[in-house]
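So for the sequence shown, my numbering puts the first residue at 20; every next one is plus one. Glycine included, C-beta positions come from ideal geometry on N, C-alpha and C.
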Amino acid sequence: CLKPGHRKQHLFSFPTLALFTVEVPQQLYVAEYGSNVTMECRFPVNGSLNLGLLSVVWEQKRQGQLESRDVYTLRNGETLLSSQHRDYMGRAALLHNELKLGRAILQITSVKITDAGSYLCLIDYQGADYKYITLEVKGQKWNEDKLAFICQSEGFPLAEVFWQNEKNFSLSGSANTTYTLTADGLYNVTSILIISQNMNENYSCVFWNKELNENTSFIYFACFLSHNFTFPVCLFVCFLFVCSVLFFFDSFNEYTVWWTKVPDLIYHRHVCDSTGPSLCINNLPKDKIIHELPC
């Protein structure tokens, strides 16, 4: 568990003031993939704000991950960008004009699935306290008769993305593939394939490294469930058939796979090396599942 008082001793001192309390008007936020979200915690100002005495820390911790990620840090009134995790560079900001009102509002733009998790809001201002806020990320809303399969990868060099069904028929023309360049010079590639629910077959998403003549493939099974099915059954069906996940890119060290029956989402981040095939997903330990919702 995260222990803010211990972990941040090298940055802040925490005098004990029983009256200093951080409050959160909302403990759970739900954001749509690609949208913007603001999360807020409040603290007592007691008159005019002395910005030089104020420190604010926003950190994110995902289920199953040992290390937290620095989202935004304000130390003694100054923004500390050197500690900010690269995933939040250019996307996370603190609304400074709200600080004088005792509101530490974190804004995240272009929400990613990896933004989901527990957020720590820690305030040090003539006393210290913290609270946790949960952010859930849902898939974009399409028509109810559609399913969306999303492949996402980050690495170098830029990979091409191909989609095909179990009959090896190319579906790449129906996919929407985009990429962004990170601050570290890596390519973040996202490809979305939308299909009709009546197309009950397997689908493959292939990342192709043209320069190295290597590929990484993900095989999807479209699970279509009636309203009588419960969540555990759906989770088992989805994980049971999404197997044969191969890792050949040494340079692509982070993979994200989504299964979604809009608007709900199942998400799994593979923690595997690049030496060979991974285990079938339904055999992976529970702690490898980062975020899950009904299919």
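Note down, one range per segment and in chain order, each beta strand (DSSP E) of at least 3 residues found wholly within the region 43-76.
Listed in chain order, the complete beta strand (DSSP E) runs (minimum 3 residues) inside the region 43-76 are 47-51 and 56-61.
Between L70 and the rest of its own chain, which residues show a CB-CB distance below 6 Å, the 5 nearest in sequence each way excluded?
Here residue 70 corresponds to residue number 51 of the sequence shown, with the count starting at 1. Around L70: G96.
Between S87 and K150, what straight-line distance do the alpha-carbon atoms span, to the nearest angstrom?
Position 68 of the sequence shown, counted from the first residue, corresponds to residue 87. Position 131 of the sequence shown, counted from the first residue, corresponds to residue 150. Here the C-alpha atom of S87 lies approximately 15 Å from the C-alpha atom of K150.
If we count the other Cβ atoms within 10 Å of its Cβ and call it buried at 16 or more, is D143 buried or exposed?
Here residue 143 is taken as the residue at index 124 of the sequence shown, counted from 1. Taking all protein chains shown into account, D143 has 16 or more neighbouring C-beta atoms within 10 Å of its C-beta and is therefore buried.
Taking the alpha carbon of G109 as the point to measure from, which residue in A123, N55, R94 and T128 has its own alpha carbon closest?
For the purposes of this step, residue 109 is taken as the residue at position 90 of the sequence shown. Across the set A123, N55, R94 and T128, the C-alpha of T128 shows the shortest separation from the C-alpha of G109.
Buried or exposed (CB count within 10 angstroms, at least 16 for buried), A178:
In the sequence shown, residue 178 corresponds to position 159, counting from 1. By the neighbour-count rule (16 or more Cβ atoms within 10 Å), A178 is buried.
Among D203, F188, L99 and S210, which one has its Cα closest to the Cα of T197?
Position 178 of the sequence shown holds residue 197. Closest option to T197, Cα to Cα, is S210.
Compute the beta-carbon to beta-carbon distance between Y318 and V56, rounded to the nearest angstrom, for a pair I have assumed lies under 8 Å.
There is no way to answer for residue 318, as the model of the chain reaches only from 20 to 314.
Indicate whether at least one CB of chain D lies closer than 7 Å to the CB of T197.
As a matter of chain content, chain D is missing from the structure shown, which is built from one protein chain.
When DSSP labels each residue in this structure, what does L118 get in the three-state scheme?
The count along the sequence shown starts at 1 and reaches residue 118 at position 99. DSSP places L118 in helix when its eight states are reduced to three.
Along the chain, where does the beta strand (DSSP E) containing K229 start, and where does it finish?
In the sequence shown, residue 229 corresponds to position 210, counting from 1. No beta strand (DSSP E) contains K229, which DSSP labels as neither H nor E.
Taking DSSP as the reference, what is the three-state secondary structure of R5?
Only positions 20 to 314 of the chain appear in this structure, which leaves residue 5 out of reach.
Whole angstroms is fine: what's the gap from R81's alpha carbon to S67's?
Taking the sequence shown and counting its residues from 1, one reaches residue 81 at position 62. Taking the sequence shown and counting its residues from 1, one reaches residue 67 at position 48. Spanning the two alpha carbons is a distance of roughly 36 Å.
Report the CB separation of L85 from T92 in whole angstroms; it is logged as a contact under 8 Å.
Counted from its first residue, the sequence shown places residue 85 at position 66. Counted from its first residue, the sequence shown places residue 92 at position 73. About 20 Å; that fails the 8 Å criterion.
For Y138, which residues does DSSP report across the bridge?
The count along the sequence shown starts at 1 and reaches residue 138 at position 119. For Y138, which the question treats as bridged, DSSP gives the partners Q79 and I152.
Helix, strand or coil at R88 [DSSP, three-state]
Locating residue 88 in the sequence shown gives position 69, where the first residue counts as 1. For R88, the three-state secondary structure derived from DSSP is strand.
Residue environment, E78, which counts as buried when at least 16 other CB atoms sit within 10 Å
As a working note, residue 78 is residue 59 in the sequence shown. It counts as buried.
Taking Q103 as the reference, which of V76, I169, G121 and H115 has the closest Cα?
Here residue 103 is taken as the residue at index 84 of the sequence shown, counted from 1. Per the Cα distances, V76.
Quickly, what does DSSP pair K165 with across the bridge? List them, please.
The residue labelled residue 165 in the question sits at position 146 within the sequence shown. Beta-bridge pairing by DSSP links K165 to S215.
Here's the rule I'm using: 16 or more other beta-carbon atoms within 10 Å means buried, otherwise exposed. How should L166 be labelled?
Walking along the sequence shown from the start, residue 166 turns up at place 147. By the neighbour-count rule (16 or more Cβ atoms within 10 Å), L166 is buried.
What would DSSP say about T209, mapped onto helix, strand or coil?
Locating residue 209 in the sequence shown gives position 190, counting from the first residue. Residue state for T209 is assigned as strand, using DSSP reduced to three classes.
Thinking C-alpha only, which one of P44, Y52 and P63 is nearest D148?
For the purposes of this step, residue 148 is taken as residue 129 along the sequence shown, with counting starting at 1. Closest option to D148, Cα to Cα, is P63.
Mapping the DSSP letters down to three states, classify D106 as helix, strand or coil.
As a working mapping, residue 106 is identified with position 87 in the sequence shown. Residue state, collapsed to three classes: helix.
Sequence-distant residues of its chain with Cβ nearer than 8 Å to L113 (five each side left out)
Working through the sequence shown from its first residue, we reach residue 113 at position 94. Shown here for L113: same chain residues with a beta carbon closer than 8 Å to its own, the five before and five after excluded, namely V75, W77, Y91, L93, T98, A123, I124, L125 and Q126 in chain order.
E220 and N187 look like a contact to me (Cβ under 8 Å); what is the Cβ gap, rounded to whole Å?
Here residue 220 corresponds to residue number 201 of the sequence shown, with the count starting at 1. Here residue 187 corresponds to residue number 168 of the sequence shown, with the count starting at 1. About 12 Å separates the two Cβ atoms, so there is no contact after all.
Apart from the five residues just before and just after N39, which ones in its own chain have a Cβ nearer than 6 Å to its Cβ?
Your numbering for residue 39 matches position 20 in the sequence shown. For clarity, residue 39 is Phe in the given sequence; the question names Asn instead. Correct list, in chain order: G146 and D148.
Across which residues does DSSP place I12 in a beta bridge pair?
In the structure as shown, the chain begins at 20 and stops at 314. Residue 12 is therefore absent and cannot be evaluated.
To the nearest angstrom, how far is the alpha carbon of L118 from that of C60?
Translated into the one-based positions of the sequence shown, residue 118 becomes position 99. Translated into the one-based positions of the sequence shown, residue 60 becomes position 41. Straight-line Cα distance between these residues: approximately 10 Å.
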